[in-house]
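In our numbering, the protein residues as written are 1211 to 1564. Virtual Cβ for every residue (Gly too), placed ideally from N, Cα, C. Quick caveat: nothing in here was measured; it's all calculated off a predicted structure.
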Amino acid sequence: MMKKTLVATAAILSLGSAFAQSNVTLYGVIDTAFQSQNNQNGGGSLTQINSGAISGSRFGFKGTEDLGGGNNALFQLEGGFNPANGASGQGGLMFGRQAFMGLSGSWGKFTVGRQYDQMFEHLGNFDPLWGISNATNTGFYLAYDGAKTTAFDGGGNIRINSSARYGFAAGGFSGAVMYGTGGIAGASSAGSYKGLNASYAAGSLNVGAAWQSKNLETSATSTNGTQSNTEVGANYGFGPARVFFNYQTTKASASTGTSKVTTLGLNYDITPTVGLLAAYYNDKIAGNGLSAKRNTLGLGVTYSLSKRTMVYGYLDTTKADAGYAASPAGLGVNASGAANTSQNTYMLGLRHAF
């Protein structure tokens, strides 16, 4: 009897040791804001409570397992939602923000699944607002990959399905390469993706660059071509401040159009609990019979109530010339039916992370 008890105890202890080498974390963000924007389509104003400006509301699970020898298995599942009405984000997908698994070690990290593209990763370091200071008629978008590109191809998605990514970091260098298969029967390259980014940090200075190409074909017979993005950026910190610069170009093979966006930004810690952020975007589009520009200034103030909870205020103002306003990337029409040349957005929000 004693022998059986010792064997059972050893088995339980062994099982507990295996569990101790694994961990799973539940996490999330709830960001809700009172929003107001003028010059909507038809010239009216829109006031609503919606998901906020600092970060998209989300919930997720992530975990790792120690495989020994410095290697780990990992996964992450993350879904978005609108806390104002409980609706799922990303078209109703359960884990529409991220869904991937992989392996990591001293050799780097390899992951497969639904993942952010390389331009989005780049913007995380070189745009203080990640491009969200520009507003569409219904929400907010990323400067490099949303309505900014609709003059050429109808926009894009910052997440790549059926993708494989390899990333590596050593010293001050970090980089990644990524490939998405597309997965369209009878057209091996249709819907596919290729991208890479690299950055180097030396003291307070960080510099980086990224490139990606998205195949926009939807079948073996479509003629949408490809869209390519290139970005170079830098940021520099001194005292309580960090300044940002980024330059991005967008080209589509099926048209003569190009988009060039220059970004200047600032993060400044006024006090340990009060922060200021600002970003200026100069967007120029040319080709397809267009020669137009628009300028956007976004400003935000954050106040941390705790490590997990903050309140914030945000505003942006956009001015476009007549050519840009009337383009597919424009601001809609005013009450008289003419293209809008200006738009302002105001937000007051509350963000909590768990």
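Environment of residue i [buried if 16+ CB atoms lie within 10 Å]
i	result
K1424	buried
F1564	exposed
A1489	buried
I1480	exposed
F1454	buried
R1375	buried
Y1237	exposed
A1502	buried
G1508	buried
V1239	buried
E1517	The amino acid at residue 1517 is misidentified as Glu; the sequence shows Lys. Exposed, since its Cβ has fewer than 16 Cβ neighbours within 10 Å.
A1297	exposed
N1456	buried
S1429	exposed
A1379	exposed
Q1258	exposed
T1219	Summary for T1219: the model assigns pLDDT 41, below 50, so the residue's position carries little reliability, and this model does not support an answer.
N1295	exposed
Bridge-paired residues (DSSP) for residue i
i	result
T1481	According to DSSP, which records beta bridges pairwise, T1481 is partnered with nothing at all.
A1380	F1383
W1421	L1406 and T1440
A1397	Paired residues: none, contrary to the question.
A1447	It should be noted that the sequence gives Gly, not Ala, for residue 1447. BP columns for G1447 point to R1452.
T1573	Given a span of 1211 to 1564 for the chain in the structure shown, any question on residue 1573 remains unanswerable.
A1545	Partner(s): none; A1545 has no beta bridge.
S1501	A1496
E1275	S1232 and A1283
Q1553	T1528
A1320	Note that residue 1320 is Phe in the sequence shown, not Ala. Bridge partners of F1320: L1313 and Y1376.
A1489	G1475 and G1508
S1298	F1291
I1264	DSSP lists no partner for I1264.
I1370	Q1325
Residues near residue i in its chain [Cβ-Cβ closer than 6 Å; skip 5 each side]
i	result
G1523	V1511 and L1558
K1470	T1459 and K1494
G1315	G1280 and N1281
L1256	Q1247 and Q1250
Q1553	N1249, T1528 and L1541
V1521	Y1513 and L1560
V1484	Y1513
E1331	N1407
A1536	A1549
N1371	R1324
F1383	Y1410
Same chain only: Cβ atoms within 7 Å of residue i, ignoring 5 sequence neighbours per side
i	result
N1367	none
Q1286	G1270, K1272, Q1308 and F1310
G1392	S1399, A1400, G1401, S1402 and N1425
N1292	N1260, S1261, S1267 and G1299
G1318	Y1376, G1377 and F1378
T1472	Y1457 and N1492
Whether residue i touches residue j by CB criterion (8 Å)
i	j	result
A1283	G1262	no
M1329	E1427	no
T1245	T1551	According to the sequence shown, residue 1245 is Gln rather than Thr. Not a contact, by the Cβ cut-off of 8 Å.
A1545	G1253	yes
S1265	R1561	yes
N1492	R1452	no
T1274	N1233	yes
G1290	G1306	yes
L1541	T1528	yes
N1439	T1466	no
A1462	Q1437	yes
Q1422	D1337	no
A1397	N1434	no
L1515	L1339	no
A1496	T1468	yes
Own chain partners of residue i with C-beta closer than 8 Å, once the 5 adjacent residues on each side are dropped
i	result
T1431	none
V1543	N1251, G1252, G1253, A1549 and N1550
D1531	A1502, K1503, R1504 and T1551
### Query
Taking one C-beta from the region 1387–1395 and one from the region 1409–1417 each time, how about it: are there three or more such pairs within less than 8 Å?
In short, these stretches do not touch, since the Cβ pair count stays below three.
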